[in-house]
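Protein chains in written order, with this note's numbering: chain A, 1 to 115; chain B, 116 to 230.
2 protein chains.
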Amino acid sequence: MPDPIDGVFAALADPTRRAILARLATGDATAGELAADFPISAQAVSKHLNVLETAGLIVRTREAQRRWCRIVPAQVRSVADWASQYERLWEERYDALDDYLGRLQQQQPKPQEEP
Amino acid sequence: MPDPIDGVFAALADPTRRAILARLATGDATAGELAADFPISAQAVSKHLNVLETAGLIVRTREAQRRWCRIVPAQVRSVADWASQYERLWEERYDALDDYLGRLQQQQPKPQEEP
DNA sequence: CGTATTCTCAACCTATCAGTTTATAAGCCA
DNA sequence: TGGCTTATAAACTGATAGGTTGAGAATACG
C-alpha cells in the first residue's frame, strides 16, 4: 500500500505538470486548451493529465467531446501539509543556524547540537 | 536550465528518501546509521543520499571515515513556499466548493465560475 | 448518413531510476 | 605495514517515465 503522497510528489516533479496545475488554478480548462499551451503533442498532455488525475491533483469530467479539467485544492494542500511537518526547522533561530552551516558546508564536520 | 524544484519534488517522491529526511529532522546522522534503518543495501542508501544532496535537501560533511548528513531547512521550506502559491484555493468558501465538486465528480460537467 | 472535432488508447523508443553485486577509496588502529 | 571500518564508485538489471506516431472512440453537425 504505497503512500498516496508518493504520486503527488512524482506528479509535481515534472515542470509541464506544474504548469498545467498553475493554469488550472486560474480556472477550469479542456484538454485541448491545455495542450495548446505546450510544445508537445496532445497525446503527451493527455498522459500528463492522467498522472495528475491518478495523483488526485485534478478531476476530469466529460462534456460532449471535450474533457474539462479542474484542480483539486485539497490534494494540492496535502503538499503544504507535508511540508508543515518541518516548519519548526526553519523558524526562529534555525534561520541563522542554517545560513551558517550552509557557508561552512565542506568543513567543520562537528555534528549539530540538539535543540 | 531546469528549475531546481524539479529535483526537490523528484527526491521527495521516494518514500525511503522522505523517511531519511524525517530521521534527519530529529538530528544529524551518519550514512551508516541511516543505512541501518532500511532493508536495502548501504550502497542504495548512499545513492539516495546523493539524490537528496543534489536536490539541496541535505548536506554531507566528512569526519574520518564517517559522513555526517544534515537536513537543509531552507530547501525543505521551498516545498512549503511552492504550495503556498495555491493557498487561496483551499481557503474560505473553497473548502465547501471542493467537497461539493468532489462528490459530483463524474457528472455535471458545467465549468466552475470564476471567484 | 458521413465528416469534422476532440480526446484517449496502444505500441514503440530512449533515458532514467531503484536496486543489486563487485570493487575501491579513505581513515583508524594494532 | 596490514587489516578493519565506513562509505562511495562502477557496472549491470528490470521497471518506469516522457516523448513520439498511428489508430480509434465519442460526439456534434452538415
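Glycine included, C-beta positions come from ideal geometry on N, C-alpha and C.
Pair within 8 angstroms by beta-carbon distance, residue i and residue j
i	j	result
R70 (chain A)	T30 (chain A)	no
V174 (chain B)	V187 (chain B)	yes
Straight-line Cα distance separating residue j from residue i
i	j	result
A89 (chain A)	A170 (chain B)	Just to set this straight, residue 89 (chain A) is Leu in the shown sequence, not Ala. Roughly 18 angstroms separates the two Cα atoms.
G32 (chain A)	D118 (chain B)	26 angstroms
K155 (chain A)	A125 (chain B)	Outside the modelled stretch of chain A, which goes from 1 to 115, sits residue 155 (chain A), for which no answer is possible.
D14 (chain A)	D81 (chain A)	20 angstroms
R189 (chain B)	T131 (chain B)	Sequence inspection shows Ala at residue 189 (chain B); the Arg mentioned does not correspond to that position. Rounded to the nearest angstrom, the two C-alpha atoms are 21 angstroms apart.
A179 (chain B)	Q158 (chain B)	19 angstroms
E87 (chain A)	D152 (chain B)	24 angstroms
G122 (chain B)	E91 (chain A)	24 angstroms
T26 (chain A)	S78 (chain A)	19 angstroms
I20 (chain A)	V45 (chain A)	9 angstroms
E168 (chain B)	E53 (chain A)	30 angstroms
A22 (chain A)	A137 (chain B)	29 angstroms
Rounded distance between the beta-carbons of residue j and residue i, thought under 8 angstroms
i	j	result
L139 (chain B)	R133 (chain B)	Actually they are not in contact, since the Cβ atoms of L139 (chain B) and R133 (chain B) sit about 11 angstroms apart, beyond 8 angstroms.
V191 (chain B)	L172 (chain B)	6 angstroms
Per-residue burial, residue i [other beta carbons within 10 Å of its own, 16 or more giving buried]
i	result
I120 (chain B)	buried
S84 (chain A)	exposed
T61 (chain A)	buried
A35 (chain A)	buried
K28 (chain A)	According to the sequence provided, residue 28 (chain A) is Asp. The question's Lys does not apply to it. The residue is buried, with at least 16 neighbouring Cβ atoms inside 10 Å.
Close beta carbons around residue i, own chain, < 8 angstroms, minus the five adjacent residues each side
i	result
I146 (chain A)	The requested residue 146 (chain A) does not occur in the structure, where chain A is confined to residues 1 to 115.
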